[in-house]
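With the first letter of the sequence shown counted as 1, position 301 gets the number 300 in numbering that gives the first Met the number 0; the numbers rise by one all the way through.
Don't be surprised by glycine CBs; every beta carbon is placed ideally from N, CA and C.
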Amino acid sequence: MKKLVIQFFKFGIVGVINTVSSWIIYYGLLFFKINYLIATTVAYFISSIIGYFLNKIWVFKKKEEKKTTSILRYYIVYISSYFLNILCMYILVDILSISKLIAPILVLFVTVPYNFILSRLWVFKDKTIDIKKIQEMSNLHTFAICAYKESPYLEECVNSVINQEIKTNYLIVTSTPNEKIENIAKKYGIPYFIRKGKSDICDDWNFAYNKAKTELVTITHQDDIYDKEYTKEILANYDSNILMYNTNYNPYKNGKVSTDKNSKIKEMLKIFVRNKRLSRIKFFKVLSLSFGNSINCPSVTYNKKLLGKSIFTSNLKFGLDWDTFLKIAKMKGGMLYIPKKLINYRIHDEATTKEFIVNNKREQEDIEMFEKIWPKFIVKIIMKFYKKSYDTYNT
């Protein structure tokens with residue numbers, strides 16, 4: 000109750016700030032002979048921008064990465080409140096003949112409670128996670144760790160997946176068997192599988208994917224480190240109509256988290272697929288992949304029940320993941336982006352991505368991928384800018 004009273008008091012202060020700014024604009028426009036309804040509209044929307052940030056940061060202290068959701072809800076409430084405002088103004092001024100100078104004051108007794116209730120219960124409501132329910136879902140997921148040669152990072156990766164807040168299932172697969180990989184599997188009691196034949200990223204990923212017996216599977220790269228909340232967030236967002244999930248990430252260079260423009264651009268490209276409903280619309284799914292591969296491959300969790308077996312069918316080597324995501328984007332079902340940084344994506348000289356940049360195969364395959372979406376003359380323009388993203392691997 001005390002928290003509610005404090006919030007309402009703060010909301011009232013924000014309301015006063017909004018109202019004063021709104022009145023200044025409203026009466027200023029009336030001074031210039033602007034129609035009172037137009038003046039109300041202009042004043043209302045300008046003050047609403049101020050109100051959003053004050054309510055988010057100060058009143059409800061909403062700390063979320065999914066900013067678009069609260070903004071959308073905020074404006075749904077305030078647009079509806081606007082029409083309520085106009086209706087009340089019309090009734091008071093045109094029907095009840097109350098002065099248009101006094102009417103805005105009386106309208107506050109309707110709009111303030113309306114806005115507070117919906118803001119608290121819907122716009123800025125924190126998403127609560129039912130841990131018990133999620134723990135019951137733990138058998139839905141498997142980390143399928145792809146291990147190669149004698150990687151110095153494998154054990155760190157293994158520790159990050161077995162120490163998840165919500166523990167799920169694990170397995171290790173390799174096409175380059177050796178004692179180090181086998182010993183790590185034995186040390187942590189993780190099922191260990193060897194794929195016979197020549198090492199090949201497409202075949203290896205399909206082998207790992209198919210070995211998982213659960214509905215959800217994350218193809219885990221041996222270089223990367225998963226945040227302890229990764230599985231919790233995936234399962235919290237579980238929906239039987241979602242084909243795949245992917246999260247945000249931290250570039251990880253020289254043993255520490257870094258930042259780069261690429262990760263921020265990728266986040267922007269996926270703005271529409273943050274929403275479960277929008278993530279099911281083919282246009283938005285393809286759009287998120289139209290200006291480059293916006294999805295961090297090891298952050299992806301696939302829904303085997305919807306996707307079926309051996310989903311990696313591309314002839315590309317570097318662009319295998321992008322080509323697969325584009326194929327999934329054209330399928331019926333969601334491709335949900337969870338905008339939380341839940342993986343440290345390691346960037347180092349031994350990475351396969353670095354190798355493909357050096358031998359120019361990445362550029363060749365990037366062009367091929369863009370040509371699946373755009374005409375060639377547009378691809379040439381895009382590539383002039385897209386090649387700058389390769390600088391991320393200059394360690």
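Helix, strand or coil at residue i [DSSP, three-state]
i: lysine 195; result: coil
i: asparagine 17; result: helix
i: glycine 332; result: coil
i: lysine 386; result: helix
i: methionine 368; result: helix
i: methionine 267; result: helix
i: phenylalanine 142; result: strand
i: isoleucine 171; result: strand
i: tyrosine 51; result: helix
i: isoleucine 224; result: strand
i: isoleucine 183; result: helix
i: serine 137; result: helix
i: glycine 318; result: coil
i: serine 98; result: coil
i: glycine 11; result: helix
i: glutamate 149; result: coil
i: isoleucine 33; result: coil
i: threonine 40; result: helix
i: glutamate 164; result: coil
i: asparagine 312; result: The residue asked about is misnamed: residue 312 is threonine in this sequence, not asparagine. Of the three classes helix, strand and coil, the one that applies to threonine 312 here is coil, per DSSP.
Host alpha helix (DSSP H) of residue i (start-end)
i: threonine 175; result: Careful: threonine 175 lies outside any alpha helix (DSSP H) and carries neither H nor E.
i: asparagine 114; result: 102-117
i: isoleucine 90; result: Premise fails: isoleucine 90 is in no alpha helix (DSSP H) and is neither H nor E.
i: cysteine 156; result: 153-161
i: leucine 234; result: 229-235
i: valine 285; result: 281-286
i: cysteine 201; result: 200-210
Residue i to residue j span [Cα, whole Å]
i: asparagine 236; j: lysine 32; result: 52 Å
i: lysine 304; j: isoleucine 241; result: 10 Å
i: glutamate 181; j: cysteine 156; result: 15 Å
i: lysine 340; j: aspartate 223; result: 13 Å
i: leucine 36; j: glycine 50; result: 21 Å
i: leucine 117; j: isoleucine 161; result: 41 Å
i: lysine 360; j: phenylalanine 317; result: 7 Å
i: glutamate 164; j: valine 92; result: 59 Å
i: lysine 353; j: tyrosine 385; result: Note that lysine 353 scores a pLDDT of 47, beneath 50, so its modelled location is shaky; the value from the coordinates is reported in the next line. Lysine 353 and tyrosine 385: Cα-Cα distance of roughly 16 Å.
i: phenylalanine 271; j: tyrosine 208; result: 28 Å
i: valine 13; j: lysine 99; result: 23 Å
i: methionine 382; j: isoleucine 366; result: 7 Å
i: lysine 210; j: threonine 167; result: 15 Å
i: isoleucine 183; j: methionine 136; result: 27 Å
i: phenylalanine 283; j: lysine 252; result: 31 Å
i: leucine 83; j: tyrosine 248; result: 42 Å
i: glutamine 177; j: leucine 306; result: Just to set this straight, residue 177 is asparagine in the shown sequence, not glutamine. Those two C-alpha atoms are separated by around 32 Å.
i: leucine 53; j: isoleucine 372; result: 42 Å
i: leucine 319; j: aspartate 202; result: 11 Å
i: glutamate 370; j: lysine 329; result: 16 Å
i: serine 21; j: phenylalanine 30; result: 14 Å
i: valine 4; j: glycine 11; result: 10 Å
i: isoleucine 97; j: asparagine 274; result: 44 Å
i: phenylalanine 376; j: leucine 268; result: 21 Å
i: serine 257; j: glycine 196; result: 37 Å
i: valine 106; j: glutamine 6; result: 21 Å
i: serine 262; j: isoleucine 85; result: 43 Å
i: glycine 332; j: isoleucine 23; result: 49 Å
Where the beta strand (DSSP E) through residue i begins and ends
i: leucine 215; result: 215-220
i: threonine 258; result: Neither: threonine 258 is in no beta strand (DSSP E) and is coded neither H nor E.
i: valine 299; result: 299-302
i: leucine 395; result: Residue 395 cannot be examined here, being either before or after the span of the chain that is shown, 0 to 394.
Cross-strand partners of residue i (DSSP beta bridge)
i: asparagine 274; result: Asparagine 274 pairs with nothing; no bridge assigned.
i: tyrosine 344; result: Pro250
i: isoleucine 463; result: Since the first residue shown for the chain is 0 and the last is 394, residue 463 is missing from the structure and cannot be characterised.
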